[in-house]
């Protein structure tokens, strides 16, 4: 059984920051679950152009607000507490922070190792341990 306390991850090597986001990586590839599981904080007003071409991601908002834009269709979806979006087709998208910081719970498949940060096109490279 794996038990982790988010408060123990803050400030450790499992907390990774980039421009407009902080990711607290609760489960990683080395944990052997077949997916990784993160808490991600998006500050108000942030705008992230993302494309997880190597991963599928499901995102569930538990606090705050913002939006996600599907770049293939131009559709913009409001994100708030209780809303999930899933990037089931490696969707290119823009995630925008709203008036309050968003707290997102995210699952990635394949799992990340913990060393990934976004590259120039907004994706994570596949890193083999």
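Numbering (my numbering), first residue to last: 1485 to 1613.
Note that CB positions come from ideal geometry on N, CA and C, so glycine has one too.
- The Cβ atoms of residue 1493 and residue 1508 sit closer than 8 Å to each other.
- In the DSSP assignment, residue 1493 falls within the alpha helix (DSSP H) that extends over 1490–1493.
- Checking the DSSP bridge columns, you'll see residue 1586 partnered with 1526.
- Note that the C-beta distance between residue 1568 and residue 1542 is below 8 Å.
- Nearest Cα to residue 1505 within the set 1571, 1512, 1516, 1528: 1528.
- Secondary structure remark: continuous beta strand (DSSP E) runs of at least 3 residues inside the segment 1514–1574, in chain order: 1520–1526, 1531–1535, 1540–1547, 1549–1554, 1560–1564, 1568–1571.
- Less than 8 Å divides the Cβ of residue 1555 from the Cβ of residue 1576.
- With distances taken between CA atoms, residue 1584 lies nearest to 1563 out of 1557, 1563, 1490.
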